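Here's the structure, in structure tokens; my notes come after.
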Amino acid sequence: MPLAEEITPALKGLKFGQPLYAFESIGSTNDEARRLAEAGAPTGTLVIADEQTAGRGRSGRAWMTPRGSAIAMSLVLRPTLTNAAPLTMLAGVAVCEAIEIVSGARAALKWPNDVWLAGKKCAGILAESALCGERLDYAVLGIGINVSWSPPAEAVDFPATCVQAEAQRPVSRAALVREVLTQLEVAYPRLSERSLFEKWQARLVTLGQTVHVQLGAEMFTGQAQAVTEAGALLVQLSDGTVRAVLAGEVRVRPVI
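Listed below in structure tokens is the structure:
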């Protein structure tokens, strides 16, 4: 079944997901969403692909999605500059809640934006934005979810899984897309509320762990103690000092 026929009925009644641009294959849904945003696409515009051949995650890392096995989608939003910062939190919480509702599998977040099931990554989030002077022109929220396929261990440097493997039953991509968009649509008007931060913080499995941090050429180890409302991870070093680590600048992994 063509992707548009699979997804379109699931979006009935939603504002997010309209208009819909569905592709059988595309390089990057984020790139296409940015192109549409620059051409004036409204909030809620959705780009989704059955296969993504040049997707990317944070720090430019590749995120490939074989045909029919995953969700690769990007949503155009036009928040205020003040409300842009919590977008990654919004997406992380929405994806976790959607996976739990649709599949029953318990989802958690590895700071800052990886969705984990049973200690393995199943989804990633990439938020990108563009400024026009001192005003935010648009934001694009890219979401990739492994639904029925996960990359082989030798292809990635982290443990990976898919929703179906952890749910131990078939999972509908269309149902999962609808639930993610529903969660986003409901929570988006409340971006500035502290409750979003609290939900995001409660799902973080990174807190309390000893972590290895790479910040450019600098590397250090410490304990992940807390997060700030701006999304920074607070890491206490062995000498007692605390470093604030910002999303988008580092890799944080448990020490092995």
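636 is the number of the first residue of the sequence shown in our numbering; add one for each residue after it. We put the beta carbon where it would ideally sit given N, CA and C, even for glycine. All values derive from a computational prediction rather than experimental measurement.
Whose C-beta lies closer than 8 Å to the C-beta of Ser704 among residues of the same chain, with five residues either side of it excluded? Asn781, Val782, Ser783, Trp784, Cys797
I'd like to check one pair, Arg808 with Glu659: are the Cβ atoms closer than 8 Å? no
In the structure shown, what three-state DSSP assignment does Leu752 receive? strand
Between the beta-carbon of Gly866 and the beta-carbon of Ala720, is there less than 8 Å? yes
Grab me the residues of Leu881's own chain with a C-beta within less than 6 Å of its C-beta, minus the 5 sequence neighbours each way, in chain order. Ala867
Buried or exposed by the 16-neighbour rule on C-beta atoms within 10 Å, applied to Pro824: exposed
If the criterion is Cβ atoms closer than 8 Å, does the pair Ala726 and Ala762 meet it? yes
In angstroms with no decimal places, state the Cα-to-Cα distance between Leu722 and Tyr773. 12 Å
Quick one: residues in its chain with C-beta nearer than 6 Å to the C-beta of Ile891, no 5 flanking neighbours on either side, listed in chain order? At Ile891, the pLDDT of 46 sits below 50, so the modelled position is not reliable and the matter cannot be decided from this model.
8 Å Cβ cutoff, Val798 in contact with chain D: The structure shown contains no chain D, having only a single protein chain.
Nearest-angstrom Cα distance between Ala707 and Gly754? 22 Å
CA-to-CA distance, Glu864 to Met854, given in whole angstroms: 24 Å
Rounding to the nearest angstrom, what Cα-Cα distance links Ser724 and Leu744 in this structure? Position check: residue 724 holds Met in this sequence, whereas Ser was assumed. Rounded to whole angstroms, Met724 to Leu744 spans 10 Å at the Cα level.
Whole-angstrom C-beta distance between Val812 and Ala689, which should lie under 8 Å: Not a contact, Cβ separation roughly 21 Å.
Residues in the same chain with beta-carbon distance under 7 Å from Phe793, minus the five sequence neighbours each way, listed in chain order, please. Lys756
Would you list the one or two residues that DSSP bridges to Tyr773? Ala765
Output the residue ranges of the alpha helix (DSSP H) runs that lie fully inside the region 705–737 and measure 4 residues or longer, sorted by chain position. 716–719
Distance between beta carbons of Val730 and Ile661, contact taken as under 8 Å: With a Cβ gap of about 20 Å, Ile661 and Val730 do not count as contacting.
Taking only the alpha-carbon atoms, compute the straight-line gap between Gly652 and Ser873 and give it to the nearest angstrom. 47 Å
Please report how far the alpha carbon of Ala879 lies from the alpha carbon of Gly648, in whole angstroms. 42 Å
CA-to-CA distance, Ser709 to Ile760, given in whole angstroms: 10 Å
Going by C-alpha distance, which of Ala822, Arg770, Val737, Thr717 is nearest Lys650? Ala822
Buried versus exposed, by CB contacts within 10 Å (16 or more), Val877: exposed
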